[in-house]
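Residue numbers for the sequence shown, in full-length UniProt numbering: 1 to 185.
Just so it is clear, CB atoms sit at the ideal spot from N, CA and C, and this is done for glycine as well.
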Amino acid sequence: MFLQEPTSKLDIFSLSLGFVGIVLINNPFAEQGQGSNELAGILISSIGGLCSSIGWIVIRKMGGKLHFTVAPFYFSIGCTVTGVLFFLIDAQGTTYNVRYNWADILMILVVSMSSFLGQLMQALAYEYEKAAKVAVFYYFQIFLVFMYDLFIFKTSFGYIEILGAALTISCNFCVALLKFLGYKD
Numbered sequence: 001m002f003l004q005e006p007t008s009k010l011d012i013f014s015l016s017l018g019f020v021g022i023v024l025i026n027n028p029f030a031e032q033g034q035g036s037n038e039l040a041g042i043l044i045s046s047i048g049g050l051c052s053s054i055g056w057i058v059i060r061k062m063g064g065k066l067h068f069t070v071a072p073f074y075f076s077i078g079c080t081v082t083g084v085l086f087f088l089i090d091a092q093g094t095t096y097n098v099r100y101n102w103a104d105i106l107m108i109l110v111v112s113m114s115s116f117l118g119q120l121m122q123a124l125a126y127e128y129e130k131a132a133k134v135a136v137f138y139y140f141q142i143f144l145v146f147m148y149d150l151f152i153f154k155t156s157f158g159y160i161e162i163l164g165a166a167l168t169i170s171c172n173f174c175v176a177l178l179k180f181l182g183y184k185d
């Protein structure tokens, strides 16, 4: 709407179905009670998702006028400034005695580089494709995190979470297949 891009029924359907998949992965129907930490995490991630989506919409609106490296560059500067401010506010009266070994430092570098490259690729994707299609493929990262939880961290999931992951990845697969076959909106 804001972007004034044509949105097909397939775009709306795949976005909606992918969102339902994400909700199911989070499993709001779980039997354990929602602790205050879980609710805070949901609220914080929702605000983060909203802020991130506003940024990507603006990048898409600017189209080719903005080089794909500009947004991640300013994001890095913003993170540096706000990170220091948040640390200084949080560190009031607290003594941090954290020692990082080389494995920790390597993991921090992997996180920072993969996040930066992910932002570069997403900014580039918004330059070439409609926002609705890019958003559906952005759901793929949620599926990957789910798979990491399942196979690397050995987290156990119920049928609802697995159904959510299947819905999310099926939306990605269908959109990619239709794009590959040359389906026009």
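Simplified DSSP assignment, three categories, for residue i
i           : result
residue 17  : helix
residue 91  : coil
residue 173 : helix
residue 26  : helix
residue 98  : coil
residue 74  : helix
residue 155 : coil
residue 183 : coil
residue 68  : coil
Cβ-Cβ distance between residue i and residue j below 8 Å
i           : j           : result
residue 249 : residue 167 : One cannot answer for residue 249 here, as it falls past the ends of the chain, which runs 1 to 185.
residue 172 : residue 139 : yes
residue 146 : residue 25  : yes
residue 165 : residue 21  : yes
residue 151 : residue 169 : no
residue 11  : residue 184 : no
Supposed close pair residue i, residue j - CB separation, criterion 8 Å
i           : j           : result
residue 68  : residue 127 : 6 Å
residue 40  : residue 59  : With 8 Å as the limit, residue 40 and residue 59 do not qualify as a contact, their Cβ atoms being about 29 Å apart.
residue 57  : residue 131 : 7 Å
residue 75  : residue 119 : 6 Å
residue 123 : residue 15  : The Cβ separation is near 20 Å, so there is no contact.
Where the alpha helix (DSSP H) through residue i begins and ends
i           : result
residue 138 : 131-138
residue 8   : Per DSSP, residue 8 belongs to no alpha helix (DSSP H) and is neither H nor E.
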